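Per my numbering, residue -7 is the first one in the sequence shown, and the count goes up by one each step.
Remarks on the structure that follows.
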Amino acid sequence: GLPANGRPDEWSKWVGKTKNCERPYKSPSTVHDSAEFGHALVHWWNNIQPSFRQNNTGMPKPTYSSPQMQDPWNQLRRAGQNGLVSVLIMLAWW
-7 GLPANGRPDE WSKWVGKTKN CERPYKSPST VHDSAEFGHA LVHWWNNIQP SFRQNNTGMP
53 KPTYSSPQMQ DPWNQLRRAG QNGLVSVLIM LAWW
C-alpha cells in the first residue's frame, strides 16, 4: 500500500471497520471538517510524491519525470486496498 505516515486519520478509522476482509463501502467515513481533511489529504499526497515533485506551498509540482531518478514513481505504484484506490475514496469523502 501507499505510505501510511501522515495519511489522514479518517482513513485509519474507516479501515478499522473492515470485517471479514470487506471494507464498509456502504458507510463512508464521516469527515467533520472538510477544509481540515482536505488540507491533511493534500499534505499527505504531496509528501508521498517523488522528491522532484514535492512542493512546500500545496499541491505537487506539475513535473512528471526526473532524469536523475531511475524509478521515481515506485513509491506510488501500489495496488490493493491501501493503494491508489485509497486516494480516490478519500477524494470522494472530501
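In this text, a Cβ means the ideal position worked out from N, Cα and C, and glycines have one as well.
Fair warning: this is a prediction, and the values are worked out from it, not measured in the lab.
* Asked: The alpha helix (DSSP H) spanning N39 covers which residue range?
  -> N39 -> alpha helix (DSSP H) spans 26 to 39.
* In the structure shown, what three-state DSSP assignment does K5 receive? -> Under the three-state reduction of DSSP output, K5 falls in the helix class.
* Would you mind stating whether G8 and R70 have Cβ atoms separated by less than 7 Å? => Against a cut-off of 7 Å, the Cβ pair of R70 and G8 comes out as no contact.
* Roughly how far, in whole angstroms, is the beta-carbon of M82 from the beta-carbon of P16, given that I think they are within contact range, below 8 Å? -> That pair is no contact at about 14 Å.
* To do: Within 10 angstroms of the Cβ of S43, are there 16 or more other Cβ atoms? Answer buried if so, exposed if not.
  => Result: exposed.
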